[in-house]
Amino acid sequence: MKIRIFTLIVILFAVYTNTTAQDDKELIKNVIEEGYVKGLHNNGDLAVTAKSFHEGFNLLGVSNNHLTKFPIYSWLEMSKKRREQKDQPVRPETISKYPMIDITGNAAVAKVELYQNENKIFTDYLMLYRFDEGWRIVSKIYEDHRKK
């Protein structure tokens, strides 16, 4: 009898844990989709974008064998200026795929593949933390497939 009760408790805990992880994955996908993909790639609401990124966010890259950092406030300003230009060519819609989201406690990493016209343009690795207000993107590294 005790073994059956213990087994039932373990099963219920496993179901609860899996449900919570799935809920967190959906929350993370929503933050990335609304704030990053729609906000920065598809000319969405930059106010939503600002809330999706932590103010300490840095986009990390490598240029001439040196690590580069691009803070979110610079990225938002650049996006705002680009939208204000009158002669901007129409960019194709960016579509995202999420091959991997891994969560450990309040930390997460998401692998995001971005496509335009069915061509992969970026593979991004976004790092997120859960804050009191929810999941926020804190860092990004990437591979640019357009230059290959």
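Note that our numbering has the sequence shown beginning at 3, numbered continuously upward.
A virtual CB, placed ideally from N, CA and C, is assigned to each residue, including glycine.
- request: Determine the DSSP secondary structure at G58, reduced to helix, strand or coil.
  value: Counted from its first residue, the sequence shown places residue 58 at position 56. Reduced to three states, the DSSP call for G58 is strand.
message: Give me the DSSP bridge partner(s) of W137.
response: Within the sequence shown, the letter at position 135 stands for residue 137. Beta-bridge pairing links W137 to R132.
query: By Cβ distance below 7 Å, which residues in the same chain neighbour L48 in space, the five residues on each side in sequence not counted?
result: Within the sequence shown, the letter at position 46 stands for residue 48. Once the five neighbours on either side are set aside, the close Cβ partners of L48 are G41, L78, S81 and K82.
task: In the DSSP assignment, find the alpha helix (DSSP H) that holds L1 and state where it starts and stops.
output: Because residue 1 is not part of the residues shown, which for the chain are 3 to 150, the question remains open.
- prompt: Nearest-angstrom Cα distance between F133 and N108?
  reply: Position 131 of the sequence shown, counted from the start, is the residue given in the question as residue 133. Position 106 of the sequence shown, counted from the start, is the residue given in the question as residue 108. Between F133 and N108, the C-alpha separation is close to 8 Å.
- request: Output the distance between the C-alpha atoms of E35 and I5, rounded to the nearest integer angstrom.
  value: Along the sequence shown, read from residue 1 onward, the residue named residue 35 stands at position 33. Along the sequence shown, read from residue 1 onward, the residue named residue 5 stands at position 3. Rounded to whole angstroms, E35 to I5 spans 45 Å at the Cα level.
field: Unbroken stretches of the alpha helix (DSSP H), 4 residues or longer, contained in the segment 22-48
entry: none
task: Report back the beta-carbon spacing between E115 and P101 to the nearest angstrom; my notes put them in contact at under 8 Å.
output: To locate residue 115, count along the sequence shown from 1; it is residue 113. To locate residue 101, count along the sequence shown from 1; it is residue 99. With a Cβ gap of about 6 Å, E115 and P101 count as contacting.
message: Can you give me the C-alpha to C-alpha distance between V111 and L130, rounded to a whole angstrom?
response: As a working note, residue 111 is residue 109 in the sequence shown. As a working note, residue 130 is residue 128 in the sequence shown. Distance between the alpha carbons of V111 and L130: 6 Å.
query: Comparing alpha-carbon positions, which option in I143, D126, K53 and G46 lies nearest K135?
result: As a first step, residue 135 is located in the sequence shown; it is residue number 133 there, counting from the start. The residue asked about is misnamed: residue 135 is Glu in this sequence, not Lys. Of the listed residues, the one whose Cα sits closest to E135 is K53.
message: If you reduce the DSSP assignment to three classes, tell me which class E145 lands in.
response: The residue you call residue 145 lines up with position 143 of the sequence shown. Correct three-state label for E145: strand.
message: Please report the distance separating the alpha-carbon of R138 from that of F55.
response: As a position in the sequence shown, residue 138 is number 136, starting the count at 1. As a position in the sequence shown, residue 55 is number 53, starting the count at 1. Taking the straight line joining both Cα atoms gives about 5 Å.
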